[in-house]
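Chemist: Questions regarding the structure given below will be posed in turn.
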Amino acid sequence: MQSDERSAHAPISESDLVEIIKQRVNSGGASVESEVGVGDDAAVMRFDAGHIVLTADAMVDGVHFLSQSMSWHDMGWKCIVSNQSDIAAMGAIPEHAVLTLAIPATTRVGDLDKLLSGVIGALDEFGGKLVGGDTVSSDNIILRVALTGRLCFAGRSVS
């Protein structure tokens with residue numbers, strides 16, 4: 000089922016969720032150099048010689064944000080920029096993001112699209128590409144991101 004055929008207010012299945020994410024990621028213009036990417040359980044990336052910085056954060060509804068007062072777009076944006084900030088603090092440039100979505104089964108397609116707009120918008124603005132992730136049904140919204148970065152100061156972090 001194509002995402003434009005679904006109502007923005009309809010609940011979404013995991014397979015439809017993965018398809019929506021693949022469509023959004025693949026419509027972004029610049030391609031990500033990966034052997035295996037979105038839609039699989041792991042990404043296989045090509046790297047030049049050098050050092051890679053890796054960070055990961057989880058954001059939980061009621062702890063790091065309040066979904067009743069924060070837009071889906073802003074939730075997506077925040078989960079990415081918190082990781083980009085960690086990468087930048089090490090003197091690195093963001094490269095590859097993996098996003099895990101634990102969201103209620105009743106999440107609507109329109110809300111997911113807004114979340115992905117925030118995620119992809121932050122990646123476009125400050126660097127990085129979404130290359131994979133995982134989804135699970137949850138009573139609470141939990142967003143987890145792992146992000147790689149490439150050091151830009153002769154292989155040495157600034158910390």
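Each residue of the sequence shown is one higher than the one before, starting from 0 at the first, in numbering that gives the first Met the number 0. Virtual Cβ for every residue (Gly too), placed ideally from N, Cα, C. For clarity, every value in this text was computed on a predicted model and none was experimentally measured.
Taking DSSP's pairing of strands, which residues face I141 in a bridge?
Modeler: The residue given as residue 141 occupies position 142 in the sequence shown. Per DSSP, V59, A101.
Chemist: Compare the Cα-Cα distances from V144 to each of K77, S137, D112, G90 and report the closest residue.
Modeler: Taking the sequence shown and counting its residues from 1, one reaches residue 144 at position 145. Taking only the C-alpha atoms, the option nearest V144 is K77.
Chemist: Could you give the distance in angstroms between the alpha-carbon of A87 and the alpha-carbon of P93?
Modeler: Working through the sequence shown from its first residue, we reach residue 87 at position 88. Working through the sequence shown from its first residue, we reach residue 93 at position 94. Distance between the alpha carbons of A87 and P93 is about 7 Å.
Chemist: Can you tell me whether G61 is buried or exposed? The criterion is at least 16 other CB atoms within 10 Å of its CB, across all chains shown.
Modeler: What you label residue 61 is simply residue 62 of the sequence shown in a count that begins at 1. It is exposed - the Cβ of G61 has fewer than 16 other Cβ atoms within 10 Å.
Chemist: Would a C-beta distance cut-off of 8 Å place A91 and C151 closer than the cut-off?
Modeler: Within the sequence shown, numbered from 1, the residue matching residue 91 stands at position 92. Within the sequence shown, numbered from 1, the residue matching residue 151 stands at position 152. Their beta carbons are under 8 Å apart, which means A91 touches C151 by this criterion.
Chemist: Name the DSSP bridge partner or partners of A91?
Modeler: Translated into positions along the sequence shown, residue 91 becomes position 92. For A91, which the question treats as bridged, DSSP gives the partners L150.
Chemist: Could you tell me the alpha carbon to alpha carbon distance between A101 and A55, rounded to whole angstroms?
Modeler: Residue 101 sits at position 102 when you count from the first residue of the sequence shown. Residue 55 sits at position 56 when you count from the first residue of the sequence shown. In a straight line, the C-alpha of A101 is about 15 Å away from that of A55.
Chemist: Considering only the alpha carbon of each residue, which of G148, T134, I140, D85 lies closest to A14?
Modeler: Position 15 of the sequence shown holds residue 14. It is worth fixing the name first, because residue 14 is Ser in this sequence and not Ala. The shortest Cα separation from S14 among G148, T134, I140, D85 belongs to T134.
Chemist: Helix, strand or coil: which one does DSSP assign to G127?
Modeler: Numbered from 1 along the sequence shown, position 128 holds the residue referred to as residue 127. Three-state result, G127: coil.
Chemist: Please tell me whether L122 and I79 are closer than 8 Å, where the distance is taken between their beta carbons.
Modeler: The residue you call residue 122 lines up with position 123 of the sequence shown. The residue you call residue 79 lines up with position 80 of the sequence shown. Contact flag set, yes.
Chemist: Buried or exposed for D110, please, with buried defined as at least 16 other CB atoms from any protein chain shown within 10 angstroms of its CB.
Modeler: Here residue 110 refers to the residue found at position 111 when the sequence shown is read from its first residue. It is buried - the Cβ of D110 has at least 16 other Cβ atoms within 10 Å.
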